[in-house]
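If you're matching them up, the sequences are chains A and B in order.
Every number in this note's numbering is 201 more than the matching position in the first sequence, counting from 1.
Every number in this note's numbering is 6 more than the matching position in the second sequence, counting from 1.
The beta carbon of each residue, even a glycine, is placed where N, CA and C say it ideally should be.
Please read all numbers here as calculations on a predicted model, not as lab measurements.
As structure tokens, the structure follows; a few thoughts come after it.
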Amino acid sequence: MIKSKLFARISSVGLVILAIVLMSGDHNDAPTLTGTSADIADFYAFEAPDSDNLVLIMNLQGLIPAGAPTEFAEFDEHVLMEFNIDLNNDLKEDVLIQAIKRRDSMFFFGPFPTLETGLESTINTDIMHKVKISSKDDVHISEEDGMKFFAGPRDDSFFFDRIQFDMYMAGNANGGFTDPGIDTYAGKNTLSIVVELPKSMLGTPVANVNPFAPNTPTYNMWVETKRKIQ
Amino acid sequence: MNYQGIMNNIKYFKIVSLVCISVLLVQCYNEDKFGTPIFQERCFDGIQNGDETGIDCGGSECKPCSVESEFAGTYRQVDQMGRPAVNLLLNVEGRRDSLNLTVPSKMHAKFQQVFKNKIMILDTTYTTNVLGLDAEALATLFSKDVLWVAENGPTNYYNGSTIMTGRALGEDVMDANLLWIFGGPGGTKNNNDPLLIQDGVPTNDVPFLNTFPYLAPPF
Chain A
202 MIKSKLFARI SSVGLVILAI VLMSGDHNDA PTLTGTSADI ADFYAFEAPD SDNLVLIMNL
262 QGLIPAGAPT EFAEFDEHVL MEFNIDLNND LKEDVLIQAI KRRDSMFFFG PFPTLETGLE
322 STINTDIMHK VKISSKDDVH ISEEDGMKFF AGPRDDSFFF DRIQFDMYMA GNANGGFTDP
382 GIDTYAGKNT LSIVVELPKS MLGTPVANVN PFAPNTPTYN MWVETKRKIQ
Chain B
7 MNYQGIMNNI KYFKIVSLVC ISVLLVQCYN EDKFGTPIFQ ERCFDGIQNG DETGIDCGGS
67 ECKPCSVESE FAGTYRQVDQ MGRPAVNLLL NVEGRRDSLN LTVPSKMHAK FQQVFKNKIM
127 ILDTTYTTNV LGLDAEALAT LFSKDVLWVA ENGPTNYYNG STIMTGRALG EDVMDANLLW
187 IFGGPGGTKN NNDPLLIQDG VPTNDVPFLN TFPYLAPPF
């Protein structure tokens with residue numbers, strides 16, 4: 202009984218993973234990461250409706266099939282997510298926001314000045330906030346110290362005719378895209394973390410970063426996932 | 007009931023009790039009625055094992071850790087992203103994992119030439135684009151894979167006049183990328199047979215929210 206349940210569970214996990222691998226290739230198309238719990242699908246950073254605030258969004262595990270049970274698309278307690286912010290245009294992070302799952306919650310750390318840059322990180326627990334991880338029907342948002350936090354499944358916000366692009370690149374669609382095209386990401390989900398925070402918490406960036414807006418002080422921002430090694 | 011009978015009954019009772027107790031102990035040791043282990047030897051063995059997040063604490067089966075031990079450990083980069091679809095569009099097979107394992111400050115040295123060559127493969131007659139960037143400059147921009155985010159003012163990845171001040175939801179960033187790579191200086195190159203400067207998917211399939219968390223609910 203238990204064994205047959207176990208096998209049923211293993212085979213359905215396998216099917217879902219296979220579906221993700223076949224459909225996806227992540228938005229970045231990295232062979233060894235595709236479909237894993239550390240696979241970044243997207244990154245957004247924009248001014249909030251309250252123009253004192255910025256919104257930062259990281260999507261993971263793109264192209265999750267609709268209705269896939271949540272146990273097949275869970276945040277991983279061994280995967281650290283990081284928003285990196287560079288203020289002085291040396292392409293090294295000066296300010297960091299970290300996030301990692303523990304039990305039923307997503308814990309957020311920072312923003313704080315980085316003590317270490319590069320490929321490896323430890324978690325700085327000095328400034329800690331958390332939000333209960335949402336499900337489709339049970340949505341949680343926390344507001345603490347002027348910041349807002351969310352973690353849970355969301356619609357995959359990316360839209361692109363990826364299949365037609367891949368066909369063109371493979372030499373099988375010499376006419377290129379079609380108009381209209383077909384959104385490969387329609388009806389699919391991702392796991393998302395969202396932070397809204399006052400810009401004043403990040404520090405002041407320098408100008409002359411973006412050549413198309415040289416006078417505008419500009420942050421360099423990027424996201425990373427890091428897996429626990431010890 | 008004679009003495010022998012009483013003794014036999016006691017013996018029988020002892021054996022049955024022993025069997026019952028053993029079954030009970032084994033059952034308790036392995037799982038409770040919900041199939042959840044209620045006692046794990048490894049939660050007391052002085053090392054971090056199973057899904058413990060600290061020594062003998064955290065994870066699904068042991069007591070919670072203190073904040074310090076619960077979040078202790080070293081984490082190593084496995085994926086990275088700044089601008090959308092850089093790896094997909096401008097990197098090449100065999101180098102994609104490598105880009106994800108590189109920090110932005112070291113990307114230019116490792117990938118600028120790769121990206122420049124790829125641009126000339128994607129459009130063999132590439133000269134410059136609507137941003138006025140030649141292949142060298144476009145490859146340099148993308149090989150430092152960070153997202154520029156303006157401290158103040160409206161966010162646009164590209165709308166023709168505001169250029170790369172961040173990335174908001176709902177922006178057709180792939181059409182912008184395609185335009186910069188395939189569109190030529192006037193933005194009209196490759197606009198028909200082959201159609202390469204837009205993919206025919208201008209919006210998301212569902213509307214975004216005006217309030218936090220902004221992303222649309224899941225399916």
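7 angstroms Cβ cutoff met for residue i and residue j
| i | j | result |
| --- | --- | --- |
| Asp151(B) | Pro200(B) | no |
| Pro415(A) | Pro406(A) | no |
| Gln411(A) | Met170(B) | With the sequence shown as reference, residue 411(A) is identified as Asn, and Gln is not the correct amino acid for it. Yes, they are a contact pair. |
| Met368(A) | Ile334(A) | no |
| Gly189(B) | Ile203(B) | yes |
| Val84(B) | Ala242(A) | no |
| Pro391(A) | Asn260(A) | Reading off the sequence shown, one finds Thr at residue 391(A), where the question assumed Pro. Cβ atoms of Thr391(A) and Asn260(A): closer than 7 angstroms. |
| Ser175(B) | Ser252(A) | Going by the sequence as given, residue 175(B) is Leu instead of Ser. Going by C-beta atoms, Leu175(B) is not nearer than 7 angstroms to Ser252(A). |
| Glu76(B) | Cys68(B) | no |
| Gly172(B) | Phe247(A) | yes |
| Asp362(A) | Val207(B) | yes |
| Val296(A) | Leu403(A) | yes |
| Val256(A) | Ala267(A) | no |
| Gly64(B) | Cys71(B) | yes |
| Asp424(A) | Met87(B) | The displayed chain sequence assigns Val, not Asp, to residue 424(A). Yes, these two residues count as a Cβ contact at 7 angstroms. |
| Leu128(B) | Ile53(B) | no |
| Leu288(A) | Ile301(A) | no |
| Tyr81(B) | Lys331(A) | no |
| Arg48(B) | Gly56(B) | yes |
| Ile364(A) | Thr379(A) | no |
Neighbour flag for residue i against chain A, beta carbons, 7 angstroms
| i | result |
| --- | --- |
| Trp186(B) | no |
| Asp79(B) | For the record, residue 79(B) in the displayed sequence is Gly; it is not Asp. So yes, Gly79(B) belongs to the interface. |
| Gly166(B) | no |
| Asp38(B) | Confidence in Asp38(B) is poor, its pLDDT being 37 and thus under 50, which makes the residue's placement too unreliable to answer from. |
| Arg101(B) | no |
| Gln54(B) | no |
| Val98(B) | no |
| Asp181(B) | no |
| Ile61(B) | no |
| Phe6(B) | Lying outside 7 to 225, the shown extent of chain B, residue 6(B) is not represented and no answer is given. |
| Val136(B) | no |
| Leu175(B) | yes |
| Val32(B) | Model confidence at Val32(B) stands at a pLDDT of 41, short of 50, so the residue's coordinates are unreliable and nothing is read from them. |
Beta carbon proximity, residue i to chain B, threshold 7 angstroms
| i | result |
| --- | --- |
| Ser401(A) | no |
| Met422(A) | yes |
| Asn290(A) | no |
| Asp362(A) | yes |
| Pro314(A) | no |
| Gln431(A) | yes |
| Glu397(A) | yes |
| Ala239(A) | yes |
| Glu425(A) | yes |
| Ser358(A) | yes |
| Thr379(A) | yes |
| Phe309(A) | no |
| Ala408(A) | no |
| Thr419(A) | yes |
| Phe247(A) | yes |
| Arg428(A) | yes |
| Gly404(A) | no |
| Glu345(A) | no |
Proximity test, Cβ basis, 7 angstroms: residue i and chain C
| i | result |
| --- | --- |
| Glu317(A) | Of the chains in the structure shown, none is chain C; the protein chains are A and B. |
Between the stretch 285-303 of chain A and the stretch 195-211 of chain B, do three or more beta carbon pairs fall short of 8 angstroms? Contact between the stretch 285-303 of chain A and the stretch 195-211 of chain B is absent, because fewer than three Cβ pairs lie under 8 angstroms.
Unbroken stretches of the beta strand (DSSP E), 3 residues or longer, contained in the stretch 364-409 of chain A: Here the runs fully enclosed are 390-399.
Residue ranges of each beta strand (DSSP E) run of no fewer than 3 residues wholly in the stretch 329-363 of chain A, ordered along the chain? As far as the stretch 329-363 of chain A is concerned, its whole beta strand (DSSP E) runs of at least 3 residues are 329-333, 343-345 and 348-356.
Counting beta carbon pairs with one atom in the stretch 118-129 of chain B and one in the stretch 141-149 of chain B, are three or more of them shorter than 8 angstroms? Below 8 angstroms, enough C-beta pairs join the stretch 141-149 of chain B and the stretch 118-129 of chain B to call them touching: three or more.
Listed in chain order, which residues of the stretch 144-165 of chain B have Cβ atoms closer than 8 angstroms to some Cβ of chain A? Correct list: Lys150, Asp151, Val152, Leu153, Trp154, Val155, Ala156, Glu157, Asn158, Gly159, Pro160 and Thr161.
When you check each C-beta in the stretch 204-222 of chain B against every C-beta of chain A, which residues fall closer than 9 angstroms? Cβ contacts with chain A come from Gln204, Asp205, Gly206, Val207, Pro208, Thr209, Asn210, Asp211, Val212, Phe214, Asn216, Thr217, Phe218, Pro219, Tyr220, Leu221 and Ala222.
Please identify, using Cβ separations under 9 angstroms, the residues of the stretch 108-127 of chain B that lie next to chain A, in order along the chain. Listed by position along the chain: Thr108, Val109, Pro110, Ser111, Lys112, Met113 and His114.
Could you pull out every unbroken beta strand (DSSP E) segment of at least 3 residues lying fully inside the stretch 79-161 of chain B, listed in chain order? If only uninterrupted beta strand (DSSP E) runs of at least 3 residues are considered, those enclosed by the stretch 79-161 of chain B are 81-87 and 153-156.
Compile a chain-ordered list of the residues in the stretch 187-203 of chain B whose CB is closer than 9 angstroms to at least one CB of chain A. Of all residues in the stretch 187-203 of chain B, Phe188, Asn196, Asn198, Asp199, Pro200, Leu201, Leu202 and Ile203 have a Cβ within less than 9 angstroms of some Cβ in chain A.
Please determine if the stretch 178-186 of chain B and the stretch 334-344 of chain A are in contact, where contact requires at least 3 C-beta pairs separated by less than 8 angstroms. Touching, no.
In chain order, which beta strand (DSSP E) runs of at least 3 residues are fully inside the stretch 256-340 of chain A? Correct list: 280-287, 296-303, 306-314 and 329-333.
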